[in-house]
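**Q** Just so we're aligned: the sequence shown equals residues -21 to -1, 1 to 801 in mature numbering (1 follows the signal peptide of the UniProt record, and there is no 0).
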Amino acid sequence: MHRLKFSLLLVSLLNAIGALANQSPNDVSILIKEAARANNESLLWGPYKSNLYFGVRPRVANSLAAGLMWAKVDDYATVQQNFRHTCEQNEGMAGYGWDEYDIRKGGRETIHDAGNTLDLTIDFIKVPGGQHGGSWGFRVKGVPREDGRPDQPVAVVFYATLEGLGQLGVDMSTASDHKPLEGDLRFNGYSSELGDFTIDVTDGPASNEYLEIDDDQLGKPLGHGLVSSATMPKEHLWQAKGILFSQMKGEVDAAIEKLGTDNPPHPAQLFTIKHVPGDGNVHLVQKVFKGPFEFDVLFSSGSAPKPLTSDTITEQKKEAILSFSDRFRQVLAPQAPFDRDDEFTTFSKAMISNLIGGIGFFHGDDVVDRSASPAYDEENEGFWEETAKARAEAKPVTEGPKDLFTCVPSRPFFPRGFLWDEGFHLIPIMEYDSDLALEIIKSWFHLMDEDGWIAREQILGHEARSKVPAEFTVQYPHYANPPTLFMALEDFMDRARTNQSAQAESAGSQDPAESLRSATLRNPDLANGYLRSFYPLMKRHYFWYRKTQRGDIKSYDREAFSTKEAYRWRGRSVQHILTSGIDDYPRPQPPHPGELHVDLISWMGMMTRTLRRIAEYLGEAEDAEEFAYYENAITRNIDDLHWDEKEQTFCDATIDEFEESVHVCHKGYISIFPFLTGMLSPDSPRLKAVLDLISDPDELWSDYGIRSLSKKDKYYGTEENYWRSPVWMPINYLVLKNLYELAVVSGPHQNQARQMYIDLRKNLAENIFKEWKRTGFAWEQYNPETGVGQRTQHFTGWTSLVVNVMAMPNLQQGTPAPHDEL
């Protein structure tokens, strides 16, 4: 029944699409709203608390949230430090994450908790139906690891909180206020956004063995679970682990008072919550198992056709994984030589699943410096000292609350939105679920202020800020970031253009979730409508860049085709340009207000090209002509301002002590940015030197990917060594993408590009796979000398681009390239 109801919703949408062909803009607006409604039904619920090992919430502010905590409880000294909740680096994990996951269906997460000698499997499923986003449930299964005791005691805590207006309470027909649980537990709840709902926490199968304490010194049996209900200020509800420890401390203090310190009870009995079931906005359910265990949590929407049961999870978890596997095989299956081994497919599935499984919904205020100090223009020599003083004197304000639906770079270390990462995140997501990618882009664009600024780092609310050092929480409206969302939208436009002749298909003959993943691409009116709705926001964002990041040509008598097209990142310090995203990469010293940055003008060229092409696609002829003018000027100025003939590379520019414009050349990622952003034509006279630089083992080439800085540079591997030698996946992906474009079209550099493509693709994928297999994690960056993953672990943000790398065409020698005939 639930599938039928969801299919009917989709049929309604697709019928509307058919009826609205060639209709007015108002009709297309209605169509977009219908698509948004269908998407929201499909995407409302998910593991959107991505900072937790497992946490569920809807895309609704001030609403219901649920999660899990656990620990092995056989040692007083380690219980507290081993209670898991928020994802943390170096916490004794042998790997964790989603093995197979579809955001519209569900999937499986495995957690290899070496510190607790416990392996967890969590099967999460979503069932559409009703008026409030459907129902969901999960099955958690625990098994002691090989080095753990087969009968080890493990405490598992499920919790649910409800912010805002509504009610949530224990159904007292399933619980007693004077003795522990003996079977299934039910909560009854209501909120205006979710309607009526129930949450069932099952007792689990008969094979479960609940821990019984033979010597019950406290007179406090554990039974099949304890329940604690309370009402707390909503700003504290995200601190579930703190709430748990506070309750446990009360019970520990009471035990010490009763028994003293010389006669402690079993740790499993000491570290417990107080059994007080009832009403409240926070509820903890603690179960203590002996050996392997399993139980289900079932959220049933009151408007759904029928409530969830454990049988539903058993059936739907298989369907979710099958649906994911079918979609993965269609669009992202590894190609030769990575199709020879099933392990590469397992790896690839895990990477895309962790990228999508790391999507979070964030709500809260952020901290912004709106002082607009003149120092922030960075126009004077020594400007970095002036800006540091201005920041210290500023009085930032909180703005919002705001919402953001976004991927995160790393669940343990960066569980928030990053503007320049997001465009890279969307590359694999656009392949798997284009409509999901559009939802994410729409959410980011909704954060844009009236000037066109989007904060480069989204730290919304107290929970997000708890992971960020105080000095990095403030956002500045003159700070930019690489505009990678434009890459995603250019990709979407190309896909829409390819699918212009496609017609909407009947929803009744296919999986509804499959239909929603590509509904926009399959329907030209809908695709055009989305692009048209984004277009004015893209223009506003673009002109904000042109205004705030402008570089100076005229004051220093620089010779260039255009006197206007030059750019400089604001937010510069002596050692860093954090706003560039390539933080500690060597730049001119000392900083100077006359600097020009080759990476930024290249990004501006990419933005301009994207807007020009979308304007052409939408029939905005005057705009297309304007952007073509800017694009030509930028392309010419990249050469005029940044090409160094002696060094045979692109370089940043600065002003020397004689007030002359000079190049400062550090061969590496910065110097190949015109190539990375597609600003070099296949017949460019600069292209050969760029390819030779990339392919030279004494400069950028390594057996594990392209280095961020040349081995010959005096700063190679120095100081922080963040972007001064390591291999980074997003830049390597752009190298590979542009090599492929050269390799499949006849031209003077086709053979060189083809061999570089073959070798780089193999080096990247094999090394990231090797490190994933060795450590259980994807990593933020990779050592260019050893290939070892380093810095942040579980970095399944843009490192997930390895999925696209493996899915790219095989161009081994002897294999015809797709466009060789051209």
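Here a beta-carbon is modelled for each residue, glycine too, at the ideal position from N, C-alpha and C.
With distances taken between CB atoms, is the gap from K269 to E322 smaller than 7 Å?
**A** Here residue 269 refers to the residue found at position 290 of the sequence shown. Here residue 322 refers to the residue found at position 343 of the sequence shown. The Cβ-Cβ distance between K269 and E322 does not fall below 7 Å.
**Q** Relative to the alpha-carbon of I593, which residue among N711, S413, A467 has its alpha-carbon at the smallest distance?
**A** Position 614 of the sequence shown holds residue 593. The option with the nearest alpha carbon to I593 is A467.
**Q** Please confirm if the region 286 to 304 is in contact with the region 94 to 105, defined as three or more CB-CB distances below 8 Å between the two stretches.
**A** yes
**Q** Counting only the same chain and skipping the five closest in sequence on each side, list residues whose C-beta sits under 8 Å from that of E538.
**A** In the sequence shown, residue 538 corresponds to position 559, counting from 1. Closer than 8 Å at Cβ, skipping near neighbours: D619.
**Q** In this structure, how does DSSP classify G440 when only helix, strand and coil are distinguished?
**A** Taking the sequence shown and counting its residues from 1, one reaches residue 440 at position 461. In this structure, G440 counts as helix in the three-state DSSP scheme.
**Q** Only counting runs of 4 or more residues, tell me where the alpha helix (DSSP H) segments fall wholly within the region 374 to 416, in order along the chain.
**A** If you keep only unbroken alpha helix (DSSP H) runs of at least 4 residues inside the region 374 to 416, you get 398 to 411.
**Q** Helix, strand or coil for residue 803 per DSSP?
**A** Nothing in the structure corresponds to residue 803, since the chain is present only between -21 and 801.
**Q** A486: buried (16+ other C-beta within 10 angstroms of its C-beta) or exposed?
**A** Within the sequence shown, numbered from 1, the residue matching residue 486 stands at position 507. Annotation note: pLDDT 38 at A486 (below 50); position unreliable, no value reported.
**Q** Report the three-state DSSP secondary structure of T633 (helix, strand or coil).
**A** For this step, residue 633 is matched to residue 654 along the sequence shown. Under the three-state reduction of DSSP, T633 is assigned to strand.
**Q** Nearest-angstrom Cα distance between Y458 and R588?
**A** Working through the sequence shown from its first residue, we reach residue 458 at position 479. Working through the sequence shown from its first residue, we reach residue 588 at position 609. Going from the Cα of Y458 to the Cα of R588 covers about 22 Å.
**Q** Q131 to K266, Cα distance in whole Å?
**A** For the purposes of this step, residue 131 is taken as the residue at position 152 of the sequence shown. For the purposes of this step, residue 266 is taken as the residue at position 287 of the sequence shown. If you draw a straight line from the Cα of Q131 to the Cα of K266, it is about 14 Å long.
**Q** Does R308 pass the burial test, meaning 16 or more other C-beta atoms within 10 Å, or should it be called exposed?
**A** Position 329 of the sequence shown, counted from the first residue, corresponds to residue 308. Result: exposed.
**Q** Just to confirm my understanding: we take E161, look at its own chain, exclude 5 residues before and 5 after, and list those with CB closer than 7 Å. What are they?
**A** Working through the sequence shown from its first residue, we reach residue 161 at position 182. Closer than 7 Å at Cβ, skipping near neighbours: G202, H203.
**Q** Whose CA, out of K328, E214, K199, lies closest to the CA of G143?
**A** On the sequence shown, residue 143 is found 164 positions in, with the first residue counted as 1. Nearest option by C-alpha distance: E214.
**Q** I'd like to check one pair, L311 with V784: are the Cβ atoms closer than 7 Å?
**A** Against the sequence shown, residue 784 aligns to sequence position 805. Against the sequence shown, residue 311 aligns to sequence position 332. Not in contact: V784 and L311 (Cβ atoms no closer than 7 Å).
**Q** Please report the distance separating the alpha-carbon of L590 from that of V35.
**A** Numbered from its first residue, the sequence shown carries residue 590 at position 611. Numbered from its first residue, the sequence shown carries residue 35 at position 56. Distance between the alpha carbons of L590 and V35 is about 37 Å.
**Q** Indicate the three-state DSSP secondary structure (helix, strand or coil) for E418 in the structure shown.
**A** Numbered from its first residue, the sequence shown carries residue 418 at position 439. In this structure, E418 counts as helix in the three-state DSSP scheme.
**Q** Does the Cβ-Cβ distance between D531 and G573 come in under 7 Å?
**A** Position 552 of the sequence shown, counting from 1, holds the residue named residue 531. Position 594 of the sequence shown, counting from 1, holds the residue named residue 573. In this structure, G573 lies closer than 7 Å to D531 by Cβ.
**Q** Can you give the Cα-Cα distance for V264 and I252, rounded to whole angstroms?
**A** For the purposes of this step, residue 264 is identified with residue 285 of the sequence shown, where counting begins at 1. For the purposes of this step, residue 252 is identified with residue 273 of the sequence shown, where counting begins at 1. Rounded to whole angstroms, V264 to I252 spans 9 Å at the Cα level.
**Q** Helix, strand or coil: which one does DSSP assign to W707?
**A** Counting from one through the sequence shown, the residue named residue 707 turns up at place 728. If DSSP states are grouped into helix, strand and coil, W707 belongs with coil.
**Q** Less than 6 Å separating the Cβ of P709 from some heavy atom of the ligand MN?
**A** Ligands displayed in this structure: none; no statement on the ligand MN is therefore possible.
**Q** Our contact map puts L739 next to L715 with C-beta atoms below 8 Å; I'd like the distance itself, whole angstroms only.
**A** The sequence position of residue 739 within the sequence shown is 760, counting from 1. The sequence position of residue 715 within the sequence shown is 736, counting from 1. Separation of the CB atoms of L739 and L715 is rounded to 6 Å, and the pair is thereby assigned contact status at 8 Å.
**Q** Go ahead and label A786 buried or exposed: buried means 16 or more other beta carbons lie within 10 angstroms of its beta carbon, across all protein chains shown.
**A** Counting from one through the sequence shown, the residue named residue 786 turns up at place 807. Buried, because 16 or more other Cβ atoms sit within 10 Å of the Cβ of A786.
**Q** Do the region 110 to 125 and the region 23 to 41 touch if we need at least three Cβ pairs shorter than 8 Å?
**A** yes
**Q** In the DSSP assignment, what residue or residues form a beta bridge with S114?
**A** In the sequence shown, residue 114 corresponds to position 135, counting from 1. Under the DSSP definition of a beta bridge, S114 partners with V106.
**Q** Using a threshold of 7 Å, state whether the C-beta atoms of F629 and S650 are closer than that.
**A** Translated into the one-based positions of the sequence shown, residue 629 becomes position 650. Translated into the one-based positions of the sequence shown, residue 650 becomes position 671. Yes, the pair counts as a contact, with Cβ atoms nearer than the cut-off.
**Q** If you run the structure through DSSP and keep just helix, strand and coil, what is I101?
**A** The residue given as residue 101 occupies position 122 in the sequence shown. In the structure shown, I101 sits in a strand (DSSP, three-state: E or B).
**Q** For D321, which three-state DSSP category applies?
**A** In the sequence shown, residue 321 corresponds to position 342, counting from 1. Helix, per DSSP.
**Q** How many angstroms separate the CA atom of D348 from the CA atom of M586?
**A** Within the sequence shown, numbered from 1, the residue matching residue 348 stands at position 369. Within the sequence shown, numbered from 1, the residue matching residue 586 stands at position 607. Whole-angstrom Cα-Cα distance: 26 Å.
**Q** Is the region 601 to 614 touching the region 661 to 677 in the sense that three or more CB pairs, one from each, lie closer than 8 Å?
**A** no
**Q** Just the Cα atoms here: how many angstroms apart are K285 and D473?
**A** For the purposes of this step, residue 285 is taken as the residue at position 306 of the sequence shown. For the purposes of this step, residue 473 is taken as the residue at position 494 of the sequence shown. Roughly 42 Å between the two C-alpha positions.
**Q** Taking the alpha carbon of H157 as the reference point, which residue from E67, Q437, G257 has its own alpha carbon closest?
**A** Residue numbering aside, residue 157 sits at position 178 when the sequence shown is read from its first letter. Cα-wise, what sits closest to H157 is G257.
**Q** Measuring only the C-alpha atoms, how far is E624 from H642?
**A** Here residue 624 corresponds to residue number 645 of the sequence shown, with the count starting at 1. Here residue 642 corresponds to residue number 663 of the sequence shown, with the count starting at 1. If you draw a straight line from the Cα of E624 to the Cα of H642, it comes to about 10 Å.
**Q** Where do the N-terminal and C-terminal ends of the alpha helix (DSSP H) with F278 fall, by residue?
**A** Translated into the one-based positions of the sequence shown, residue 278 becomes position 299. Residue range 272 to 280 is occupied by the beta strand (DSSP E) that includes F278, with no alpha helix (DSSP H) assigned at that position.
**Q** Taking all protein chains shown into account, decide if T463 is buried (16 or more other Cβ within 10 angstroms of its Cβ) or exposed.
**A** Walking along the sequence shown from the start, residue 463 turns up at place 484. Counting Cβ neighbours within 10 Å, T463 comes out buried, since at least 16 surround it.
**Q** For H222, which option in E70, H262, K199, Q146 has the closest C-alpha, if you only look at C-alpha atoms?
**A** Position 243 of the sequence shown holds residue 222. The sequence shown places Ile at residue 222, rather than the His named in the question. Among E70, H262, K199, Q146, the Cα nearest to that of I222 belongs to H262.
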